[in-house]
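Read through the structure below, which is laid out as structure tokens, and then see the notes.
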């Protein structure tokens, strides 16, 4: 928004695309995970994709990967 206000929306779009490209390049070349990723959110999305692809449901009373975000103390830790 800051670049868009100063230089225009086309330049801001190119700057954002370059920033995302550089981020992806560094993640791929260094083979690291995104530092600010939320593990519970990634786990929830991964499980949703597994269910869509046809894996069976897991029945039971165990908390899922997003359970940590329901407890404020656990959410503030990570």
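In our numbering, the protein residues as written are 114 to 191. No residue lacks a Cβ here, since even glycine has one placed at the ideal position from N, Cα and C.
| Item | Value |
| --- | --- |
| Residue 144, DSSP secondary structure in three states | coil |
| Residue 128, DSSP secondary structure in three states | helix |
| C-beta contact flag for residue 186 and residue 156 at 8 Å | no |
| Simplified DSSP assignment, three categories, for residue 138 | helix |
| As assigned by DSSP and simplified to three states, the class of residue 152 | helix |
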